[in-house]
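Student: Throughout, the numbering used here is defined as the position within the sequence shown, counted from one, plus 198.
For every residue, glycine included, the Cβ atom is placed at its ideal position computed from N, Cα and C.
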Amino acid sequence: MRNMAGVLFYMEVFMPTPENVKPFKTYDEQISLLKSRGLIISDDDKAREILKRMNYYRLSAYSLTLRKDDVFYPGVSIEDIVALYDFDARLRSIIFEYSSKVETTLRAYIAYYHAQKYGPLGYLNNQNFDNELNHSKFLSELFNNIHRSSDVFVVHHRENKEAIYPIWVAIEETTFGALSKMYKNMLVEDRNAIARDYYGLSREYVENFTQCASVARNISAHGARLYNRVKMRPSVNLPKRLKSVIDNDKPAAYLYAIFALLPDSEKYPMLTQIARAFRKYPFAKPQYLGLPENWFSLFESMQ
Numbered sequence: 199m200r201n202m203a204g205v206l207f208y209m210e211v212f213m214p215t216p217e218n219v220k221p222f223k224t225y226d227e228q229i230s231l232l233k234s235r236g237l238i239i240s241d242d243d244k245a246r247e248i249l250k251r252m253n254y255y256r257l258s259a260y261s262l263t264l265r266k267d268d269v270f271y272p273g274v275s276i277e278d279i280v281a282l283y284d285f286d287a288r289l290r291s292i293i294f295e296y297s298s299k300v301e302t303t304l305r306a307y308i309a310y311y312h313a314q315k316y317g318p319l320g321y322l323n324n325q326n327f328d329n330e331l332n333h334s335k336f337l338s339e340l341f342n343n344i345h346r347s348s349d350v351f352v353v354h355h356r357e358n359k360e361a362i363y364p365i366w367v368a369i370e371e372t373t374f375g376a377l378s379k380m381y382k383n384m385l386v387e388d389r390n391a392i393a394r395d396y397y398g399l400s401r402e403y404v405e406n407f408t409q410c411a412s413v414a415r416n417i418s419a420h421g422a423r424l425y426n427r428v429k430m431r432p433s434v435n436l437p438k439r440l441k442s443v444i445d446n447d448k449p450a451a452y453l454y455a456i457f458a459l460l461p462d463s464e465k466y467p468m469l470t471q472i473a474r475a476f477r478k479y480p481f482a483k484p485q486y487l488g489l490p491e492n493w494f495s496l497f498e499s500m501q
């Protein structure tokens, strides 16, 4: 009843009136509107299929850099907008691939370090972590995941090991977000050691970069737009050399955060894949990710 009351309150106070809502338009009406704004559409049937696949609102978002005051710049076609859409999809797949590698290595680093120092079950002891409440929340989420898991190694420990899970088993059931929070809640000396020994970075960078890599992975997994994205949160704690050339709240900064956490063997392949995406879709411009023109050599020099 309380939920229904809330819905009714919303409808009474916030429900938009018909005058505030744009009317529904058929695909043909959408095509006519785009043409009237100067977009080149040479094949209505093809445009109709594009609109069915992409949704007019989503298509419109990818055209923001190609128009002013709802009028397209001369020579812009619907194929150009699709090229930006396809570039963004490719970029998301690259981010998902390499942020997943960041997640996998961080999981391995934490499991090895913590087990070596505190033993297989040391992760259960809140004295081995910075904040008891955060540790409790972490364990609650972790064991909910373990309880629901049907992974073979979890089932084996559940049925044959009295449901006792050493850290190298339990940690496999953490989400990237939870893993990032776990690292941030480790004792300072432990965070420092992992950051220094495995990444060659200070813990402040690793804490921030892992959170940003997790956010970028979630954005990519849910298909949200990165191209020409105005702001991302949290801001990336960029090293001094990059602060003057990359804004810390742009997709470029998130690309760097992922790049910085990758094993050395994965850094160049990531840069290469991004460069290939730009070559395949030349209509996409690095500036709309917040990247400078010399982004490749700049990132390379940060290894």
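#1: Could you give the first and the last residue of the continuous alpha helix (DSSP H) run that contains K429?
#2: Mind checking whether L262 and Y271 have CB atoms under 9 Å apart?
#3: Output needed for R288: all residues of its chain with C-beta closer than 8 Å, excluding positions within five of it in sequence on either side, in chain order.
#4: What does a CB cutoff of less than 8 Å around P437 pick up in its chain, not counting 5 residues either side in sequence?
#5: Sorted by chain position, which residues of the same chain lie with C-beta nearer than 7 Å to F374's C-beta, five sequence neighbours on each side aside?
#6: How would you write the range of the alpha helix (DSSP H) that I417 sits in, first residue to last?
#7: With 16 as the cutoff for other CB atoms within 10 Å, does R290 come out buried or exposed?
#8: Would DSSP call V269 helix, strand or coil?
#9: For the pair the segment 347-361 and the segment 390-408, tell me if three or more CB-CB distances fall below 8 Å.
#10: For my contact list, G236 and V269 are in at a C-beta cut-off of 8 Å; report their separation, rounded to the angstrom.
#11: Check I362 in the structure and name its three-state DSSP category.
#12: Which of helix, strand or coil does DSSP assign to I239?
#13: Please report the distance separating the alpha-carbon of M327 from that of H333.
#14: Using a Cβ-Cβ cutoff of less than 8 Å, which residues in the same chain neighbour S297 once the five nearest sequence positions on both sides are dropped?
#15: In three-state DSSP terms, what is S275?
#16: Do D226 and D242 have their C-beta atoms within less than 9 Å of each other?
#17: According to DSSP, is M515 part of a helix, a strand, or is it coil?
#18: For N383, count neighbouring C-beta atoms within 10 Å of its own C-beta (all shown protein chains included) and say buried if the count is 16 or more, exposed if not.
#19: Identify the residues that DSSP records as bridge partners of M384: which are they?
#20: Within the same chain, show all residues whose beta-carbon is closer than 6 Å to that of K448, passing over the 5 residues directly before and after it, in chain order.
#21: Please state if the CB of Y310 and the CB of W366 are separated by a distance shorter than 9 Å.
#22: Could you tell me the alpha carbon to alpha carbon distance between H355 and A368, rounded to whole angstroms?
#23: Do you know offhand how far R401's Cα is from F481's?
#24: Could you tell me how far apart the beta carbons of Y454 and I444 are, in whole angstroms, since I believe they sit closer than 8 Å?
#25: Using CA atoms only, rank isn't needed, just tell me which of A376, M468 and Q485 is closest to F294.
#26: Helix, strand or coil: how does DSSP classify F374 here?
#27: Determine the closest residue to L440 out of R431, W493 and R423, with distance taken between C-alpha atoms.
#28: With 16 as the cutoff for other CB atoms within 10 Å, does F497 come out buried or exposed?
#29: Please specify which runs of the alpha helix (DSSP H), each continuous and at least 4 residues long, are wholly inside the segment 280-357, giving them in chain order.
#30: Is it buried or exposed, K223, if we count other Cβ atoms within 10 angstroms and call 16 or more buried?
#31: Start and end of the alpha helix (DSSP H) containing I229?
Tutor: So, from the listed chains and residues:
#1: Taken as a continuous stretch (DSSP letters only), K429 belongs to no alpha helix (DSSP H), as it is neither H nor E.
#2: no
#3: A475, K478 and Y479
#4: Y403 and M500
#5: E301, S412 and R415
#6: R401 to A419
#7: buried
#8: strand
#9: no
#10: 5 Å
#11: coil
#12: coil
#13: Met is not the amino acid found at residue 327; the sequence shown has Phe there. Each residue's Cα considered, the two are about 7 Å apart.
#14: F374, A411, S412, A414, R415, S418 and I456
#15: strand
#16: yes
#17: Here the chain has residues from 199 to 501 only, and residue 515 is not among them.
#18: buried
#19: F327
#20: G488
#21: yes
#22: 10 Å
#23: 38 Å
#24: 7 Å
#25: M468
#26: helix
#27: W493
#28: buried
#29: 330-346
#30: exposed
#31: Y225 to S234
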